[in-house]
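A.B. asks:
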Amino acid sequence: MKKIPSSEITPEHIYRSRRSFLKSLGFIGAGAAVLAACQGQLPEDTSSAAPAGGSTQADQLTSYEDVVSYNNYYEFTTNKTGVARLAENFQTDPWKVEVGGLVNNPGTYDLDRIRSEFQPEERIYRMRCVEGWSMVIPWLGFPISKLLEQVEPTSDAKYVRFETLYDPEQMPGVSNSYFPWPYVEGLRLDEAMNDLAILSTGLYGKELLPQSGAPIRLVVPWKYGFKSIKSIVRIDLVSEMPVSLWMAAGPSEYGFYANVNPKVDHPRWSQATERRIGESGRIPTEMFNGYEEEVAALYEGMDLAVNF
Ligand code: MTE
Numbered sequence: 005m006k007k008i009p010s011s012e013i014t015p016e017h018i019y020r021s022r023r024s025f026l027k028s029l030g031f032i033g034a035g036a037a038v039l040a041a042c043q044g045q046l047p048e049d050t051s052s053a054a055p056a057g058g059s060t061q062a063d064q065l066t067s068y069e070d071v072v073s074y075n076n077y078y079e080f081t082t083n084k085t086g087v088a089r090l091a092e093n094f095q096t097d098p099w100k101v102e103v104g105g106l107v108n109n110p111g112t113y114d115l116d117r118i119r120s121e122f123q124p125e126e127r128i129y130r131m132r133c134v135e136g137w138s139m140v141i142p143w144l145g146f147p148i149s150k151l152l153e154q155v156e157p158t159s160d161a162k163y164v165r166f167e168t169l170y171d172p173e174q175m176p177g178v179s180n181s182y183f184p185w186p187y188v189e190g191l192r193l194d195e196a197m198n199d200l201a202i203l204s205t206g207l208y209g210k211e212l213l214p215q216s217g218a219p220i221r222l223v224v225p226w227k228y229g230f231k232s233i234k235s236i237v238r239i240d241l242v243s244e245m246p247v248s249l250w251m252a253a254g255p256s257e258y259g260f261y262a263n264v265n266p267k268v269d270h271p272r273w274s275q276a277t278e279r280r281i282g283e284s285g286r287i288p289t290e291m292f293n294g295y296e297e298e299v300a301a302l303y304e305g306m307d308l309a310v311n312f
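Here the numbering used here is used: the first residue of the sequence shown is 5, the next is one more, and so on.
1) Closer than 7 Å by C-beta to GLN1: which residues in its own chain qualify, once you throw out the five before and the five after it? Chain order, please.
2) Using alpha carbons as the reference points, say which of ALA262, ARG279, VAL103 lies closest to SER149.
3) How long is the line joining the alpha carbons of SER159 and GLY206, rounded to whole angstroms?
4) Just checking THR85 against the ligand MTE - is the residue's beta carbon closer than 8 Å to any of the ligand's heavy atoms?
5) Give the single residue among PRO246, TRP273, PRO124 whose Cα lies nearest to the Cα of TYR261.
6) In the DSSP output, what is ARG132 paired with across the bridge?
7) THR158 by DSSP, collapsed to three states: which one?
8) Just mark ARG280 as buried or exposed, buried being the case when its beta carbon has 16 or more other beta carbons within 10 Å.
9) Report the CB separation of ASP63 from VAL140 in whole angstroms; it is logged as a contact under 8 Å.
10) Tell me which same chain residues have a C-beta within less than 7 Å of the C-beta of GLY282, skipping the five on either side of it?
11) Go through its chain and collect everything with a Cβ distance to PRO110's Cβ below 8 Å, but skip five positions before and after it.
12) Ignoring anything shorter than 3 residues or poking outside the region 174 to 225, list the beta strand (DSSP E) runs there in chain order.
13) Where TRP273 and GLN123 are concerned, what is the direct C-alpha to C-alpha distance, given to the nearest angstrom?
14) Around the C-beta of GLY313, are 16 or more other C-beta atoms found within 10 angstroms, so that it is buried, or is it exposed?
15) Report yes if the C-beta of GLN275 is less than 8 Å from at least one heavy atom of the ligand MTE; otherwise report no.
16) Which first and last residues belong to the beta strand (DSSP E) in which TYR113 is found?
17) Classify ARG127 as buried or exposed, calling it buried when 16 or more other Cβ atoms lie within 10 Å of its own Cβ.
18) First and last residue of the beta strand (DSSP E) that includes ARG165?
19) ILE239 and PHE166 - do their beta-carbons sit closer together than 9 Å?
20) Locate the beta strand (DSSP E) running through ASP240, then write down its first and last residues.
21) Three-state secondary structure (DSSP) at PHE122?
22) Do SER235 and THR168 have their C-beta atoms within less than 9 Å of each other?
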């Protein structure tokens, strides 16, 4: 599939008509085809590319309006429809991401460096929040493996730890002392090296807005949404499993792995189905959010009910 340069700003109606055209060709619509199309590896027979998990539902893109007005970003507020307004004036330029820890080439990545060294490409991913809702979002981003290759993790590096900006002056929600700020997340190094894991700088052909995690966030489509940490300022390679904000806040409810798994219930609700924002009814949730083929090997031999 054609890569969209970040400079190409695509209004949603043009974006959608381009997508309908692709859809008429069978390039998008069914789960497996969505992924394959994004990776430029179209299945030869797209008619067989139905989403895994028995779902016959085609993946419709969630509207841009819904993507940017229904958000989880607790540094601003826990009210999903209130984030956009509170984050409106969040300063995302200049911005620096410090990349270090167990690496041979630590570095400071400001926005110019990120723009010049990594070419964003489009990836349409299903995103599943642990709360039971989901969206289908055309992200712009680049595999985090590209960044990791530049900084060269040492042989002691086993995990990647990510940290969001902590700025009480701009982020009213951090006054909520229930949470151990800053927001921290982590991946095992081999998970981070998987091609599906991207650092995103935009969506729908436009730069990210603050509520979506501007200027740069993680997107890990086979894990519950809370792993996809926003507005990143630090990335460290470490030897021990990082303790994420959610693990610290609710260890019995939120594990390190957080793989989308319809068979492992959240202690307070089922994870078997999900509600697509903008659509009616609920649809079955798929193992690894439908990306089983790409990621199941990462967890071979692990008990996913224990490593939830
Ligand atoms: N990152 C930060 N820094 N703070 C947050 O509160 N919420 C997470 C994740 N990343 C969150 C975050 C959760 S729970 C979800 S579901 C997704 O962001 C939501 O991303 P979206 O608002 O772009 O849909």
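All C-beta atoms in this analysis are idealised placements derived from N, C-alpha and C, irrespective of residue type, glycine included.
C.D. replies: Put simply:
1) Residue 1 lies beyond the residue range present for the chain, which begins at 5 and ends at 312; the question has no answer from this structure.
2) VAL103
3) Going from the Cα of SER159 to the Cα of GLY206 covers about 32 Å.
4) No, Cβ of THR85 sits at least 8 Å from all heavy atoms of the ligand MTE.
5) PRO246
6) SER138
7) coil
8) Residue burial is scored here from C-beta neighbours: ARG280 has at least 16 other C-beta atoms within 10 angstroms and is therefore classed as buried.
9) 5 Å
10) THR66, SER67, ASP70
11) GLU102, VAL103, GLY104, VAL155
12) 188 to 192, 202 to 207, 221 to 223
13) 40 Å
14) In the structure as shown, the chain starts at 5 and stops at 312, and residue 313 therefore has no counterpart that could be examined.
15) no
16) TYR113 -> beta strand (DSSP E) spans 111 to 114.
17) buried
18) 163 to 168
19) A contact, by the Cβ cut-off of 9 Å.
20) 236 to 242
21) coil
22) yes
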